[in-house]
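S.K.:
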Ligand code: BES
Ligand code: MN
Ligand code: ZN
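Numbering (the working numbering), first residue to last: 1354 to 1841.
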């Protein structure tokens, strides 16, 4: 479960340091400058801190990381962490320091001395995000998460800033929980129910059922889900915080499980396809954050929820389906299903909302992992200004994103003998041809970004701000984009 630990703020109390129970952390500048709390701890430990800072070992500690001393003499604390941090750290270093504190803390109460430091809100965000764990399905006794206390210069200000950071963290946790959840639990129904529950936050939420989707003509999306017992759904979430402007539209691929369909995937690693709703997960998390912080912007989030199963009723390779736009698609490979889902949801979003911009997110291709690994999402766009703004937001939030090209020559690879297009373009440039397919469903006047997040949505090793598994990549970048470009 999310287990966001409670974090509180207080003014530095030097006299409380010796007796502080649990774990204790101090921050020291790279060149070894101690603040008052550092000096007090140094005195209590008979200069252990000074000896560390003067040693070769300190040089090896990276900025935002720390050195642990176990059972330090002179302190009641079980362990002392000495974190290397500038007094005015970068956002990244402050968050990294927070993440180091989370790893050091574990389940134990923690006291952090940050009285002389800036960017306490970012340090707090790093601490909260890295303290996440998904243990809903572990039956062993779950210990209560003990709190963290942060000594800082202006506790009241810090508490207010932390409240804003909390809206971001809760959006990220919501995304991570969805992405980590197995497919027997996170069915299309359960997904829709969790989104419907966000009405409590002031979001407008509407669930379109199969009969509605049939009426709308979403033959591409419905074809993907027709082999599953789980009913296909489209959920529309509206946040209207910004007056009369047309909204920004966020579209998410929500394949709750992708077996590949009749073009069945190999058994090895197929369990990873529980995360194939990652795009829908990010859209949902962003909407949650926007509602929690009452963003002054109009944003609509639409997710296409389907399950891709092989079955007697499943669609076959070679089938031709008709999209809501009216274009026909020859389904060469039933495993290239994400684009079939997205194309109908994207068309619907443009017809209904005439958005000022549209961003789709999808765990769309294995090829993007070959190209960019797990460090960067693939970015494709028909609009330089929108794309530049997004890349800036992603950079500011430390979420890797790398633009790749679109061009007519790639689009030509989608020509079909019998229909308007086929759903795959062959082995070459697989991520780009997938993006070109989506581009055929973008109106000329709609500025659009496609984000292929197959490599970044869920990873097999810890990242700076997340334990292995779902990362929540994109929630912070998109929230920042809304803040910087769409808020009035
Ligand atoms: N969901 C997969 C893409 C994927 C792969 C996501 C690995 C996360 C990790 C997608 O539906 C898919 O199967 N894509 C195919 C497309 C191909 C058939 C053109 C792929 O990448 O192999
Ligand atoms: Mn697939
Ligand atoms: Zn898929």
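For each residue, glycine too, the CB sits at the ideal point set by N, CA and C.
Fair warning: this is a prediction, and the values are worked out from it, not measured in the lab.
Would you decide whether residue 1646 is buried or exposed? Buried here means 16 or more other CB atoms lie within 10 Å of its CB.
M.R.: Taking the first residue of the chain shown as 1, we reach residue 1646 at position 293. With 16 or more other Cβ atoms within 10 Å, it is buried.
S.K.: Could you give the C-beta distance for residue 1608 and residue 1694, rounded to a whole number, given that I count them as a contact under 8 Å?
M.R.: What you label residue 1608 is simply residue 255 of the chain shown in a count that begins at 1. What you label residue 1694 is simply residue 341 of the chain shown in a count that begins at 1. Contact flag correct, Cβ pair sits at about 7 Å.
S.K.: Does residue 1721 come out as helix, strand or coil in the three-state DSSP assignment?
M.R.: Locating residue 1721 in the chain shown gives position 368, where the first residue counts as 1. Residue 1721: helix per DSSP, three-state reduction.
S.K.: Report the rounded CA-to-CA distance for residue 1659 versus residue 1384, giving the unit in angstroms.
M.R.: Taking the first residue of the chain shown as position 1, residue 1659 is located at position 306. Taking the first residue of the chain shown as position 1, residue 1384 is located at position 31. Looking at the two C-alpha atoms, the distance is approximately 55 Å.
S.K.: Closer than 5 Å between the C-beta and any heavy atom of the ligand ZN: which residues qualify, listed along the chain?
M.R.: Taken from the N-terminal end onward, the list reads 1608, 1611, 1629 and 1691.
S.K.: For residue 1393, which residues in the same chain have their Cβ closer than 7 Å to its Cβ, ignoring the five residues on either side in sequence?
M.R.: Position 40 of the chain shown holds residue 1393. So the qualifying residues of the chain are 1367 and 1370.
S.K.: Please determine, among 1793, 1698, 1809 and 1708, the residue with the shortest C-alpha to C-alpha distance to residue 1753.
M.R.: In the chain shown, residue 1753 corresponds to position 400, counting from 1. It is 1809 whose Cα lies nearest to the Cα of residue 1753.
S.K.: Along the beta strand (DSSP E) that carries residue 1606, what are the first and last residues, could you check?
M.R.: As a working mapping, residue 1606 is identified with position 253 in the chain shown. Per DSSP, residue 1606 belongs to the beta strand (DSSP E) from 1601 to 1611.
S.K.: Under three-state DSSP, which class holds residue 1647?
M.R.: Taking the first residue of the chain shown as position 1, residue 1647 is located at position 294. DSSP places residue 1647 in coil when its eight states are reduced to three.
S.K.: Ordered along the chain, which non-local residues of its own chain (more than five positions away) have a Cβ less than 6 Å from that of residue 1479?
M.R.: As a position in the chain shown, residue 1479 is number 126, starting the count at 1. Counting only Cβ-Cβ distances below 6 Å, and skipping sequence neighbours, we find 1448, 1451 and 1452.
S.K.: Indicate whether the contact test is met: 3 or more Cβ pairs, each with one atom in the region 1797 to 1814 and one in the region 1722 to 1736, closer than 8 Å.
M.R.: The region 1797 to 1814, when compared against the region 1722 to 1736, does touch it at the 8 Å Cβ threshold.
S.K.: Just the C-alpha distance for residue 1403 and residue 1468, rounded to the nearest angstrom, thanks.
M.R.: Residue 1403 sits at position 50 when you count from the first residue of the chain shown. Residue 1468 sits at position 115 when you count from the first residue of the chain shown. Spanning the two alpha carbons is a distance of roughly 19 Å.
S.K.: Decide if residue 1526 is buried, meaning its Cβ has at least 16 other Cβ atoms within 10 Å, or exposed.
M.R.: One-based indexing of the chain shown puts residue 1526 at position 173. So residue 1526 counts as buried.
S.K.: Taking residue 1679 as the reference, which of 1700, 1758, 1445 and 1742 has the closest Cα?
M.R.: The count along the chain shown starts at 1 and reaches residue 1679 at position 326. Nearest option by C-alpha distance: 1700.
S.K.: So residue 1602 packs on residue 1721, CB below 8 Å; how close in whole Å?
M.R.: In the chain shown, counting from the first residue as 1, residue 1602 sits at position 249. In the chain shown, counting from the first residue as 1, residue 1721 sits at position 368. About 22 Å; that fails the 8 Å criterion.
S.K.: Mind the definition here: the region 1373 to 1380 touches the region 1420 to 1430 only if three or more C-beta pairs lie below 8 Å; say whether that holds.
M.R.: Output reads yes: the region 1420 to 1430 touches the region 1373 to 1380.
S.K.: Between which two residues does the alpha helix (DSSP H) carrying residue 1699 extend?
M.R.: Here residue 1699 is taken as the residue at index 346 of the chain shown, counted from 1. From DSSP, the alpha helix (DSSP H) with residue 1699 extends over 1691 to 1706.
S.K.: Using DSSP's beta-bridge definition, name the partner residues of residue 1734.
M.R.: Against the chain shown, residue 1734 aligns to sequence position 381. Beta-bridge pairing links residue 1734 to 1802.
S.K.: What residue does the beta strand (DSSP E) around residue 1681 start on, and which one ends it?
M.R.: Stepping through the chain shown from its first residue, residue 1681 is reached at position 328. Unbroken beta strand (DSSP E) run through residue 1681: 1681 to 1683.
S.K.: If I measure Cβ to Cβ from residue 1681 and keep anything under 6 Å in the same chain, skipping five residues before and after, which residues do I get?
M.R.: To locate residue 1681, count along the chain shown from 1; it is residue 328. Taken in chain order, the residues that qualify are 1673, 1675, 1772 and 1773.
S.K.: Can we count residue 1837 as close to the ligand SAM, meaning its CB is less than 8 Å from some heavy atom?
M.R.: Annotation note on the ligand SAM: not contained in the displayed structure, which lists the ligand BES, the ligand MN and the ligand ZN as its ligands.
S.K.: Residue 1448 lies in the alpha helix (DSSP H); which residues open and close that run?
M.R.: Your numbering for residue 1448 matches position 95 in the chain shown. Taken as a continuous stretch (DSSP letters only), the alpha helix (DSSP H) holding residue 1448 covers 1444 to 1458.
S.K.: For residue 1736, which residues from the same chain have a beta carbon less than 6 Å from its beta carbon, with the 5 sequence-adjacent residues on both sides left out?
M.R.: Locating residue 1736 in the chain shown gives position 383, where the first residue counts as 1. The residues are 1800.
S.K.: Span of the alpha helix (DSSP H) holding residue 1549?
M.R.: Counted from its first residue, the chain shown places residue 1549 at position 196. Unbroken alpha helix (DSSP H) run through residue 1549: 1541 to 1549.
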